[in-house]
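Report on the following structure.
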Amino acid sequence: MIATPDYRALLATAVAEARQGLAEGGIPIGAALFHDDGRLLGCGHNRRIQENDPSVHGETDAFRKAGRQRRYRDTIMVTTLAPCWYCSGLVRQFNIGTVVVGESVNFSGGVDWLREAGVKVIDLADQECIEMLGGYIAANPDVWNEDIGED
Ligand SMILES: [Zn+2]
1 MIATPDYRAL
11 LATAVAEARQ
21 GLAEGGIPIG
31 AALFHDDGRL
41 LGCGHNRRIQ
51 ENDPSVHGET
61 DAFRKAGRQR
71 RYRDTIMVTT
81 LAPCWYCSGL
91 VRQFNIGTVV
101 VGESVNFSGG
111 VDWLREAGVK
121 VIDLADQECI
131 EMLGGYIAAN
141 PDVWNEDIGE
151 D
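Numbering (UniProt numbering), first residue to last: 1 to 151.
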């Protein structure tokens, strides 16, 4: 385990994924799964629109790209946005030890629920993440409401 992971450096990988999603015409949310020794295990982004698949969130994409891991307690899920219930469930199901969120302003998701369960949650309140997704939501409110399961 590295003494003090540079969470902002880890976030940069997730932000790059979010930007790629935006360039593809998708919802700009990216994520990356790291081992706490700093190794990148997998990264991905929301592809609901690109693949017409509501199950491909940034976190689930990164998780799948990482392949099978022996254990998740010493992994860090880094995501540009606080994880939704579905992705918070993934974190708990596999006992991912740490979640780093770029922001929880546009959506707070399951952050409190994860903390109550003993997951270490670090919220970086990153301005770029707030503005990238905030701009997308303002321009595409219907797509956003569909993504978070609101009518
Ligand atoms: Zn999600």
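From the three backbone atoms N, C-alpha and C, an ideal C-beta is built for every residue, glycine too.
Mind checking which residues open and close the alpha helix (DSSP H) that includes residue i?
i           : result
T79         : No alpha helix (DSSP H) holds T79; the beta strand (DSSP E) holding it covers T75 to T79.
residue 219 : Residue 219 lies beyond the residue range present for the chain, which begins at 1 and ends at 151; the question has no answer from this structure.
Assuming residue i is part of the beta strand (DSSP E), what are its boundary residues?
i   : result
C43 : L40 to H45
Given a threshold of 16 other Cβ atoms within 10 Å of its Cβ, counted over all protein chains shown, does residue i qualify as buried or as exposed?
i           : result
D151        : exposed
A82         : buried
G25         : exposed
I148        : exposed
D126        : buried
P28         : buried
T60         : buried
T98         : buried
P8          : The sequence given here has Arg at residue 8, not Pro. Exposed: under 16 other Cβ atoms inside 10 Å.
S88         : buried
S104        : buried
residue 152 : Residue coverage of the chain in this structure runs from 1 to 151, which leaves residue 152 outside it and unanswerable.
R115        : exposed
G102        : buried
E17         : buried
Taking 9 Å as the threshold (beta carbon to beta carbon), is residue i in contact with chain D?
i  : result
Y7 : Absent from the structure: chain D. Only one protein chain is present.
- Just jot down, in chain order, the residues whose CB lies closer than 5 Å to any heavy atom of ligand 1. The set of residues with CB atoms less than 5 Å from any heavy atom of ligand 1 reads, in chain order, H57, C84, Y86 and C87.
- Where in the UniProt domain "CMP/dCMP-type deaminase" (5-121) do unbroken runs of the alpha helix (DSSP H), each at least 4 residues long, occur, reported from the N-terminal end onward? As far as the UniProt domain "CMP/dCMP-type deaminase" (5-121) is concerned, its whole alpha helix (DSSP H) runs of at least 4 residues are 7-23, 48-51, 58-65, 85-93 and 111-116.
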